[in-house]
Ligand code: FES
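Numbering (our numbering), first residue to last: 1 to 635.
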């Protein structure tokens, strides 16, 4: 028998199915509860507070006796035994975020991209008007032959023209409806041209398309006018798949469970439809005017979008079902566009270097530049590209989710309530905090963690091994329930009624994450016989990058100790690449060539990587000489 659960603070009520957990019931109705492990009971992030009613809960090491006494339960391990009222505390909520990055230099780059394509737009499909001569007894070829002849007169090779049955079925009436005036939509693939749509009259002056970035954390949609090439508007939201797990591995595991793959596919497609719907409504554009969508995402997100089993991505030797995809019908994946609309996916390279990275290389221009560029995208995974106009190598390091909040006691994503900046007075050890949204803090996000660890290190609160100096006589440095810790905010200053701390295990997790990323850079350089001194520029992509304090990132040894002028924040290059590919055939060809050219290096089997990783598990690094500016700071 199902029960009703009322969720506070919003007061929304959902009906549960027999035996369904609170997490599942909430997710089915679009109520978000953080669920890093996707409901496996291992992350302890889905805490809720039972206010009324009875429920059955599995025991969990994530709950202390005090928590249980206060009604705290893990939503994924708790099933109602009566109607319930449940509070979702601030730490378990997906809070409104002002930090879904659409890009720091995006406006500027969009203008440049637009300039590069202007007058040469060549979207995935071509649409143009034909005025055909009507048939007569002297000119009695079939309608399809007449159309082919019209296309031939427009410069196409009639022999290569194809059409599907649905197009041929409507051809006869459409051609006669407006006196043999028709608009055709063509899809060019290799040497063939397929007529994918035929409409009466001249409809070629209005057409729209969508560029979509499907990130593990957030989804961004651009609505583009295909006649002018301009971005009309954009919309973004957190990827609703997050409730099935925060990182790609958890989602792959979720996809392999009963009904998991179709649930994940529906979640992301529904979200894209919803965002597109909002944009179309806002601009008074009918969905039937959208004829193309380009998606850019990592390999797992792309598999899930198309409903392809991603299981093999996670099994050695880590093989995706497809890294690049043919142009497909948008309706076949459930996108609510024009019936005949198509979807093109940015081509990827390997299981952990996907279309989003190809987009990044395309958007940064790295593939056309002389000298040596390093491109990094730090998100739930760390992807690295190194190279230039002659060669490109790439790798992915499973950095772990620390910078997204995973494995850090008060860690959270960059959203309202997150501490994003930290400065520590070395004399008093008192911090000054900047919180996203300006409210009292509820946790700390990646940029805040980097600042905090950098400042703690400089202030002597932690040593080079990340150990807290418990001999310091200061109330902010103490032994907590998880070991030594530093208090960032006292309970009365926070939005959660508890002290927000950074514990020694948190510091260790963050050091492991930064170590894996730095080791990735170092290994890639070593594999091709270069050093950091040879790197001419470093592009930092992804939402995280924009808020990163480069000096602090160097102090902790996340980024190499190079002059600040060599670093450039690019913002969301995944959406940028999709936009470029939407406008221009040349950029689509470049993207295909980039994916083909990039040599993927598997770090998990690299001996160099393990050595570099171990060396990078210090602040800033075992070899302090690699960080001369930090060495100088430390005296
Ligand atoms: Fe419940 Fe992870 S413990 S989602």
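Using N, Cα and C, we set each Cβ at its ideal position, and we do this for glycine too.
Note that this is a predicted model, so its numbers are computed, not measured.
- Do the CB positions of residue 569 and residue 538 come within less than 7 angstroms of each other? Residue mapping note: residue 569 aligns to position 569 of the chain shown, counting from 1. Residue mapping note: residue 538 aligns to position 538 of the chain shown, counting from 1. Not closer than 7 angstroms, so no.
- Message: Using CA atoms only, rank isn't needed, just tell me which of 427, 194, 200, 187 is closest to residue 170.
- Response: On the chain shown, position 170 is the one that residue 170 refers to. Answer by Cα proximity: 200.
- Task: Pick out whichever of 428, 416, 284, 426 has its Cα sitting closest to the Cα of residue 434.
- Result: Taking the chain shown and counting its residues from 1, one reaches residue 434 at position 434. Out of 428, 416, 284, 426, 416 has the C-alpha closest to the C-alpha of residue 434.
- Task: Give a yes or no on contact between the segment 518-525 and the segment 484-495, applying the rule of three or more CB pairs nearer than 8 angstroms.
- Result: no
- Message: Quick check on DSSP: helix, strand or coil for residue 633?
- Response: Here residue 633 refers to the residue found at position 633 of the chain shown. Three-state DSSP puts residue 633 in a helix.
- Query: Quick one: is residue 638 buried, meaning 16 or more other Cβ sit within 10 Å of its Cβ, or exposed?
  - Reply: Only positions 1 to 635 of the chain appear in this structure, which leaves residue 638 out of reach.
- Query: Since residue 622 contacts residue 629 with CB under 8 angstroms, what's their CB separation in whole angstroms?
  - Reply: The residue given as residue 622 occupies position 622 in the chain shown. The residue given as residue 629 occupies position 629 in the chain shown. Not a contact, Cβ separation roughly 17 angstroms.
- Do residue 422 and residue 390 have their CB atoms nearer than 7 angstroms? The sequence position of residue 422 within the chain shown is 422, counting from 1. The sequence position of residue 390 within the chain shown is 390, counting from 1. Cβ atoms of residue 422 and residue 390: not closer than 7 angstroms.
- Once you ignore the five residues that flank residue 233 on each side, which residues in its own chain have a CB closer than 7 angstroms to its CB? Taking the first residue of the chain shown as position 1, residue 233 is located at position 233. Within the same chain, residue 233 has close Cβ partners 223, 279, 282, 283.
- Within the same chain, show all residues whose beta-carbon is closer than 7 angstroms to that of residue 131, passing over the 5 residues directly before and after it, in chain order. Position 131 of the chain shown, counted from the start, is the residue given in the question as residue 131. Same-chain partners within the cutoff: 180, 181.
- Whole-number beta carbon distance between residue 196 and residue 340, since they are thought to touch under 8 angstroms: By one-based count along the chain shown, residue 340 stands at place 340. By one-based count along the chain shown, residue 196 stands at place 196. Residue 340 to residue 196, Cβ: 5 angstroms. Contact.
- My understanding is that residue 552 touches residue 454, with C-beta atoms under 8 angstroms, so please give their C-beta distance in whole angstroms. The residue given as residue 552 occupies position 552 in the chain shown. The residue given as residue 454 occupies position 454 in the chain shown. That belief holds up - the Cβ atoms of residue 552 and residue 454 are roughly 4 angstroms apart, short of 8 angstroms.
- Beta carbon of residue 267: closer than 6 angstroms to some heavy atom of ligand 1? Residue numbering aside, residue 267 sits at position 267 when the chain shown is read from its first letter. False, no ligand heavy atom lies under 6 angstroms from that Cβ.
- Item | residue 207 burial status per 10 Å Cβ neighbour count (16 or more: buried) | Locating residue 207 in the chain shown gives position 207, counting from the first residue. It is buried - the Cβ of residue 207 has at least 16 other Cβ atoms within 10 Å.
- Query: DSSP on residue 9, reduced to helix/strand/coil?
  - Reply: Along the chain shown, read from residue 1 onward, the residue named residue 9 stands at position 9. It is coil, neither helix nor strand.
- Task: State the beta-bridge partners of residue 397 as determined by DSSP.
- Result: Stepping through the chain shown from its first residue, residue 397 is reached at position 397. Answer by DSSP bridge pairing, in chain order: 382.
- Just confirm the distance between the C-beta atoms of residue 33 and residue 75, as a whole number of angstroms; I'd bet it's less than 8 angstroms. Start at 1 with the first residue of the chain shown, and residue 33 comes out as number 33. Start at 1 with the first residue of the chain shown, and residue 75 comes out as number 75. Indeed they touch by this definition, with Cβ atoms about 5 angstroms apart.
- Residue(s) in a DSSP beta bridge with residue 421: Here residue 421 refers to the residue found at position 421 when the chain shown is read from its first residue. Answer is 434.
- Task: Taking 8 angstroms as the threshold, find out whether the segment 373-382 comes into contact with the segment 324-338 through three or more Cβ pairs.
- Result: no
- Message: Please report the distance separating the alpha-carbon of residue 364 from that of residue 241.
- Response: Residue 364 sits at position 364 when you count from the first residue of the chain shown. Residue 241 sits at position 241 when you count from the first residue of the chain shown. Roughly 28 angstroms separates the two Cα atoms.
- Go ahead and label residue 620 buried or exposed: buried means 16 or more other beta carbons lie within 10 angstroms of its beta carbon, across all protein chains shown. Taking the chain shown and counting its residues from 1, the one referred to as residue 620 is at position 620. Looking at its Cβ environment, which holds 16 or more other Cβ atoms inside 10 Å, residue 620 is buried.
- In three-state DSSP terms, what is residue 285? If you number the chain shown from 1, residue 285 lands on position 285. Coil at residue 285, not helix or strand.
- Query: With burial defined as no fewer than 16 other Cβ atoms inside 10 Å of the residue's Cβ, what is the status of residue 173: buried or exposed?
  - Reply: Within the chain shown, numbered from 1, the residue matching residue 173 stands at position 173. Result: exposed.
- Give the secondary structure of residue 67 by DSSP, where H, G and I count as helix, E and B as strand, and everything else as coil. Walking along the chain shown from the start, residue 67 turns up at place 67. If DSSP states are grouped into helix, strand and coil, residue 67 belongs with the helices.
- If you draw a straight line from the alpha carbon of residue 16 to that of residue 260, how long is it in whole angstroms? By one-based count along the chain shown, residue 16 stands at place 16. By one-based count along the chain shown, residue 260 stands at place 260. Roughly 18 angstroms between the two C-alpha positions.
- Task: Pair every Cβ in the segment 398-414 with every Cβ in the segment 243-255, then say whether three or more of these pairs are closer than 8 angstroms.
- Result: yes
- Query: Out of curiosity, what's the CA-to-CA distance linking residue 493 and residue 410?
  - Reply: One-based indexing of the chain shown puts residue 493 at position 493. One-based indexing of the chain shown puts residue 410 at position 410. Cα to Cα, residue 493 sits roughly 15 angstroms from residue 410.
- Check whether the segment 210-229 touches the segment 264-277, counting contact only when three or more Cβ pairs, one atom from each stretch, lie closer than 8 angstroms. yes
- Query: Going by other Cβ atoms of all chains shown within 10 Å of its Cβ, with 16 needed for buried, is residue 298 buried or exposed?
  - Reply: In the chain shown, counting from the first residue as 1, residue 298 sits at position 298. Answer is buried; the Cβ neighbour count reaches 16.
- Keeping to the same chain, check which residues put their C-beta closer than 7 angstroms to that of residue 55; ignore five residues upstream and five downstream. Locating residue 55 in the chain shown gives position 55, counting from the first residue. Result list for residue 55: 73, 78, 79, 80, 81, 84, in chain order.
- Message: Would residue 302 and residue 355 qualify as a contact pair, given that the criterion is a beta-carbon distance under 7 angstroms?
- Response: For the purposes of this step, residue 302 is taken as the residue at position 302 of the chain shown. For the purposes of this step, residue 355 is taken as the residue at position 355 of the chain shown. Yes; because the gap between Cβ atoms is below 7 angstroms, this pair is in contact.
- Message: At 4 residues or longer, what runs of the alpha helix (DSSP H) sit wholly inside the segment 259-333?
- Response: 260-283, 299-306, 330-333
- Task: List the whole-angstrom C-beta distance separating residue 597 from residue 392, where the pair is believed to meet the contact cut-off of C-beta under 8 angstroms.
- Result: Indexing the chain shown from 1 puts residue 597 at position 597. Indexing the chain shown from 1 puts residue 392 at position 392. That pair is a contact at about 5 angstroms.
- Message: Using only CA atoms, which one of 209, 214, 309, 216 lies nearest to residue 258?
- Response: Taking the first residue of the chain shown as 1, we reach residue 258 at position 258. Cα-wise, what sits closest to residue 258 is 309.
- Message: Any heavy atom of ligand 1 inside 6 angstroms of the beta-carbon of residue 74?
- Response: Locating residue 74 in the chain shown gives position 74, counting from the first residue. Result yes, Cβ under 6 angstroms from ligand 1.
- Query: At a cut-off of 6 angstroms, is residue 45 close to ligand 1 when judged by its beta-carbon and the heavy atoms of the ligand?
  - Reply: Locating residue 45 in the chain shown gives position 45, counting from the first residue. Residue 45 Cβ: within cutoff of ligand 1.
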